[in-house]
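Numbering (my numbering), first residue to last: 44 to 323.
Idealized CB from N, CA, C, for every residue including glycine.
Written out as structure tokens, the structure is:
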């Protein structure tokens with residue numbers, strides 16, 4: 044694994060070349076994810092604070108399986124992506140580029156901040172099918188500085204600081220959970236448990252909102268799977284994850300309550316009508 048990468052001159056931001064859906068998902072709100080190196084970032088520090096304004100225009104973020112129990116209390120958990128490569132997402136808004144959990148001052152108004160958001164401005168990227176990983180930092184993040192504000196990345200001898208070591212440990216664990224979650228979602232697709240759904244909200248003011256291009260586990264299909272598959276889902280904890288996912292559908296009510304006041308919500312519907320639009 045490459046924890047740092049040497050660069051010559053001005054580095055090319057990772058993700059600017061043609062990339063697959065998985066890499067695009069990993070770099071959702073990263074503007075200039077650049078390989079971290081002690082040559083380029085020797086004097087850099089990162090001041091995080093509690094400003095999550097960078098996620099203001101993101102209406103969903105990937106969610107790992109270990110987060111389901113906490114996230115399900117606040118966020119609808121849905122599946123999106125290619126037919127054979129779906130991935131669970133936490134829904135944050137009911138319209139494009141809408142995050143209902145970002146306060147006016149940039150604070151996160153929910154009780155749980157998804158790990159995908161907490162890892163920012165750092166990220167692992169891979170250009171060889173997850174064989175090696177490079178630690179990157181979003182140089183466009185306003186908290187990155189050379190003024191000593193926040194946490195230093197390298198010490199005077201060019202060694203990684205304890206802070207950066209902790210970042211690496213967190214990202215390694217996140218990547219491991221990401222792969223486990225990817226395997227879980229693939230199993231759901233293989234068992235053909237996922238069905239297209241759509242959420243519609245109509246306000247008394249006449250405004251209509253529609254959230255499309257996602258899938259959920261079909262209760263009907265779940266009840267029809269064989270005993271062997273059901274036993275495997277139980278022993279692997281997949282069944283627990285499925286029920287947490289289904290329970291999280293109740294969180295759509297909480298999203299509606301967070302909408303800017305434009306009249307009361309008249310109705311919320313889900314349907315199995317596929318949509319031609321593409322998810323974020």
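Exposed or buried, what is residue i when buried is set at 16 or more other beta-carbons lying within 10 Å of its beta-carbon?
{"i": "residue 144", "result": "buried"}
{"i": "residue 277", "result": "exposed"}
{"i": "residue 127", "result": "exposed"}
Tell me whether residue i sits in a helix, a strand or coil according to DSSP, three-state version.
{"i": "residue 195", "result": "strand"}
{"i": "residue 88", "result": "strand"}
{"i": "residue 183", "result": "coil"}
{"i": "residue 241", "result": "strand"}
{"i": "residue 166", "result": "strand"}
{"i": "residue 160", "result": "helix"}
{"i": "residue 304", "result": "coil"}
{"i": "residue 77", "result": "strand"}
{"i": "residue 96", "result": "helix"}
{"i": "residue 132", "result": "strand"}
By the DSSP assignment, the alpha helix (DSSP H) with residue i in it spans what residues?
{"i": "residue 222", "result": "205 to 233"}
{"i": "residue 298", "result": "295 to 301"}
{"i": "residue 278", "result": "270 to 278"}
{"i": "residue 111", "result": "111 to 114"}
In the DSSP assignment, the beta strand (DSSP E) including residue i goes from what residue to what residue?
{"i": "residue 282", "result": "Here residue 282 belongs to no beta strand (DSSP E); instead the alpha helix (DSSP H) covers 281 to 290."}
{"i": "residue 254", "result": "251 to 260"}
Which whole-angstrom value describes the C-beta separation of residue i and residue j, a residue pair presumed to lie in contact below a C-beta threshold of 8 Å?
{"i": "residue 214", "j": "residue 196", "result": "So it is not a contact: roughly 14 Å between Cβ atoms."}
{"i": "residue 165", "j": "residue 177", "result": "Not confirmed; about 11 Å, so no contact."}
{"i": "residue 287", "j": "residue 137", "result": "21 Å between Cβ atoms; not a contact."}
{"i": "residue 158", "j": "residue 152", "result": "Not a contact, Cβ separation roughly 18 Å."}
{"i": "residue 91", "j": "residue 186", "result": "6 Å"}
Taking the CB atoms as reference points, tell me whether residue i and residue j lie closer together than 9 Å.
{"i": "residue 231", "j": "residue 199", "result": "no"}
{"i": "residue 101", "j": "residue 181", "result": "no"}
{"i": "residue 228", "j": "residue 129", "result": "yes"}
{"i": "residue 150", "j": "residue 93", "result": "yes"}
{"i": "residue 292", "j": "residue 259", "result": "yes"}
{"i": "residue 190", "j": "residue 88", "result": "yes"}
{"i": "residue 257", "j": "residue 72", "result": "no"}
{"i": "residue 24", "j": "residue 132", "result": "Since the displayed the chain opens at 44 and closes at 323, residue 24 lies outside it and no answer follows."}
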